[in-house]
Amino acid sequence: MTVQEIILARNPSVVIDARVSKLILLATIQTGDVFGAQKNDAIALLVLHWLSLENRGTAAAGGAITSEREGDLGRSYGAAITQGDLSQTTWGIQLLSLRKMLIFGPRNRLTTELQDLEA
13 MTVQEIILAR
23 NPSVVIDARV
33 SKLILLATIQ
43 TGDVFGAQKN
53 DAIALLVLHW
63 LSLENRGTAA
73 AGGAITSERE
83 GDLGRSYGAA
93 ITQGDLSQTT
103 WGIQLLSLRK
113 MLIFGPRNRL
123 TTELQDLEA
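Heads up: the sequence shown runs through residues 13 to 131, numbered per this note's numbering.
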């Protein structure tokens, strides 16, 4: 599936216009090739995350929303975020999950399985 098809499948209310196409281009540049076969999914999730933040008006928020009130309008934000702003939206959390599944960080110790193979 193309990035546009994934975006529309996940959120049919998004209109793929020139601006969203530019966001797709920016997300493509920022994502790189580290997601392999899931690259289009990662790009779509990042674009949906940006659109969601924009719709919520929380670009300057300091953390995930922990509570919200409508009467006398009140909103509380969580503690500082260690994963950038990705933990502020469902789309960003899904992107973090995809990142954890596909991108392996540096390791300084062998796991038990690798030690057994070397023995």
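Quick reminder that beta carbons are idealized off the backbone N, C-alpha and C, glycines included.
For the alpha helix (DSSP H) holding residue i, just list the boundary residues, first then last.
i, result
"T40", "A30 to T43"
"M113", "T102 to L114"
"T52", "Inspection of the sequence shows that residue 52 is occupied by Asn rather than by Thr. That run of the alpha helix (DSSP H) goes K51 to R68."
"L20", "V15 to R22"
I need the DSSP call for residue i, collapsed to helix, strand or coil.
i, result
"A92", "Residue placement at A92 cannot be trusted, given a pLDDT of 47 that sits under 50; what the coordinates show is reported in the next sentence. In the structure shown, A92 sits in coil (DSSP, three-state: anything other than H, G, I, E or B)."
"D84", "coil"
"A72", "Because the pLDDT of A72 is 46, which lies under 50, any placement of that residue in the model is unreliable, and the question is left without a value."
CB-CB under 7 Å to residue i, same chain, minus the five flanking residues each way: which ones, in chain order?
i, result
"I55", "V15, I36, A39, T40 and T43"
"R22", "A56 and L60"
"L65", "A71, D97, Q100 and T101"
So, for residue i: in the same chain, excluding its five sequence neighbours on each side, which residues have a beta-carbon less than 8 Å away from its beta-carbon?
i, result
"L114", "V46, F47, G48 and Q50"
"N52", "M13, T14, V15 and I18"
"L107", "A54, L57, L58, H61 and L98"
Report, in whole angstroms, the separation of the C-beta atoms of residue i and residue j, which I expect to be a contact under 8 Å.
i, j, result
"V26", "L63", "7 Å"
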